[in-house]
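Chemist: Here it is, the structure in full.
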Amino acid sequence: MVIVNTVAKAQEIYQLLYGLLKNEISYLDESLLQLLHARFAFKDRWEKEEKLQNPPSGTILISTQIVEVSLDISFDVLFTEIAPIDALVQRLGRVNRRGDNPPAPVHVFLEWYPGSEKIYGRDILEISTEILKDIQSEPSDGEWVRATNELYEKVVSSPAYRKDLQEGEKTLKEIQDILGCYTIDLSDEELQKKFTTRKGQLSVEVLPYIFKDQVYALKEQGKLWRLVEFLVPVPLWWLGAYRQRFSKDEDLAVYWTDLSYDEKVGLRLPGEEESPSGAEIY
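Residues 1 to 282 (UniProt numbering) make up the sequence shown, in order.
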């Protein structure tokens, strides 16, 4: 199993390995390579998660941190990007989960890609890296608890934490001023600007155009309750940063997107050449 911190990196690794299986290691079944992250339509994600409950021998899973809490799975080996110590503990729980085998090998890559900082913060990743270097090769549960507590203590006492806390309180006040007490309009330009510049983690569910025929067939059949099966979560700030890629359907009360989607890779992120000034893709 491979766990990385961003959807974009998971998709990149999957496509690299898929190409190798197709062209250079053709004797292996490409269906053994699985990708799982948050930007799949719910129907495809449910199907993937169901298959991963009892995966065939030799399955290689490329995923993001969604596996930390959402799945009861167990793999034989783990390759993971560095993450906060508490998140790493959750990832370790996805290898040899039932203790049926000897201690499973875990490989933690201590360098990270820029998108990881947008999720966890550079200071937390740096502190976690230093703590991890002092942990024994086969740490006990008690050592992981002490390491996690050390991370929390160092983060809370850091100047960066106090700065982030102040900025968070300021952003919360700005959003409250924009939203008011009772309503939220996702097309509001000022609101979208706030989330574009501050990389907000709130998400909104959108419909890829590839599902248009299926969705309108459901509408004609009076089965719009199944609309949720085709929805894909994306960061809310995308609606402002890439507004030309989204259009609001007033009748269905959802946004359509022309971003590329397929059931193997999920919703593909806009290319770097499309990135608006000040926005990063992760």
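Backbone N, C-alpha and C fix where the C-beta goes; we use that ideal spot for every residue, glycine too.
Quick one: grab the DSSP three-state call for residue 135.
Modeler: Numbered from 1 along the sequence shown, position 135 holds the residue referred to as residue 135. Of the three classes helix, strand and coil, the one that applies to residue 135 here is coil, per DSSP.
Chemist: Is it buried or exposed, residue 227, if we count other Cβ atoms within 10 angstroms and call 16 or more buried?
Modeler: The count along the sequence shown starts at 1 and reaches residue 227 at position 227. Buried, since its Cβ has 16 or more Cβ neighbours within 10 Å.
Chemist: Check whether the Cβ atoms of residue 79 and residue 7 sit closer than 7 angstroms, and answer yes or no.
Modeler: Along the sequence shown, read from residue 1 onward, the residue named residue 79 stands at position 79. Along the sequence shown, read from residue 1 onward, the residue named residue 7 stands at position 7. Not a contact, by the Cβ cut-off of 7 angstroms.
Chemist: For residue 238, name the three-state secondary structure that DSSP assigns.
Modeler: One-based indexing of the sequence shown puts residue 238 at position 238. Helix, per DSSP.
Chemist: Cβ atoms of residue 206 and residue 232: under 7 angstroms apart, would you say?
Modeler: If you number the sequence shown from 1, residue 232 lands on position 232. If you number the sequence shown from 1, residue 206 lands on position 206. Contact flag set, yes.
Chemist: Would you check if the distance between the CB atom of residue 82 and the CB atom of residue 110 is smaller than 7 angstroms?
Modeler: Along the sequence shown, one-based indexing puts residue 82 at 82. Along the sequence shown, one-based indexing puts residue 110 at 110. In this structure, residue 110 lies closer than 7 angstroms to residue 82 by Cβ.
Chemist: Nearest to residue 248 by alpha carbon, out of 263, 88, 208 and 169?
Modeler: What you label residue 248 is simply residue 248 of the sequence shown in a count that begins at 1. The residue with the shortest Cα to Cα distance from residue 248 is 208.
Chemist: Would you list the residues sitting across from residue 256 in a DSSP beta bridge?
Modeler: Locating residue 256 in the sequence shown gives position 256, where the first residue counts as 1. The partner list for residue 256 (beta bridge, DSSP) reads 207 and 247.
Chemist: With H, G and I counted as helix, E and B as strand and the rest as coil, what does DSSP make of residue 62?
Modeler: Here residue 62 refers to the residue found at position 62 of the sequence shown. Looking at residue 62 - three-state DSSP - the assignment turns out to be strand.
Chemist: Who are the near neighbours of residue 280 in its chain, counting only those whose CB is closer than 8 angstroms to its CB and skipping five residues on each side?
Modeler: If you number the sequence shown from 1, residue 280 lands on position 280. Any reading at residue 280 needs caution, since the residue's pLDDT is 41, under 50, leaving its predicted position unreliable; the model's value is listed next. 114, 115, 118 and 199.
Chemist: Rounded to a whole number of angstroms, what is the C-alpha to C-alpha distance between residue 10 and residue 37?
Modeler: Translated into the one-based positions of the sequence shown, residue 10 becomes position 10. Translated into the one-based positions of the sequence shown, residue 37 becomes position 37. Their backbone Cα atoms lie some 8 angstroms apart in a straight line.
Chemist: Within the same chain, show all residues whose beta-carbon is closer than 7 angstroms to that of residue 263, passing over the 5 residues directly before and after it, in chain order.
Modeler: Here residue 263 corresponds to residue number 263 of the sequence shown, with the count starting at 1. Excluding positions up to five away in sequence, the list reads 44.
Chemist: Quick one: residues in its chain with C-beta nearer than 6 angstroms to the C-beta of residue 96, no 5 flanking neighbours on either side, listed in chain order?
Modeler: On the sequence shown, residue 96 is found 96 positions in, with the first residue counted as 1. Once the five neighbours on either side are set aside, the close Cβ partners of residue 96 are 104.
Chemist: If you compare alpha carbons, which of 94, 158, 89 and 63 is closest to residue 74?
Modeler: The sequence position of residue 74 within the sequence shown is 74, counting from 1. Closest option to residue 74, Cα to Cα, is 94.
Chemist: Note down, one range per segment and in chain order, each beta strand (DSSP E) of at least 3 residues found wholly within the region 6-87.
Modeler: Runs of the beta strand (DSSP E) inside the region 6-87: 33-36, 60-63 and 78-81.
Chemist: Residue 264 by DSSP, collapsed to three states: which one?
Modeler: Indexing the sequence shown from 1 puts residue 264 at position 264. The answer is coil: DSSP assigns residue 264 none of H, G, I, E or B.
Chemist: Output the boundary residues of the alpha helix (DSSP H) element that contains residue 285.
Modeler: The displayed coordinates of the chain run from 1 to 282. Any statement about residue 285 would go beyond what the structure contains.
Chemist: Is residue 159 helix, strand or coil by DSSP?
Modeler: Walking along the sequence shown from the start, residue 159 turns up at place 159. Helix.
Chemist: Could you compute how far the alpha carbon of residue 108 sits from the alpha carbon of residue 48?
Modeler: Within the sequence shown, numbered from 1, the residue matching residue 108 stands at position 108. Within the sequence shown, numbered from 1, the residue matching residue 48 stands at position 48. Whole-angstrom Cα-Cα distance: 25 angstroms.
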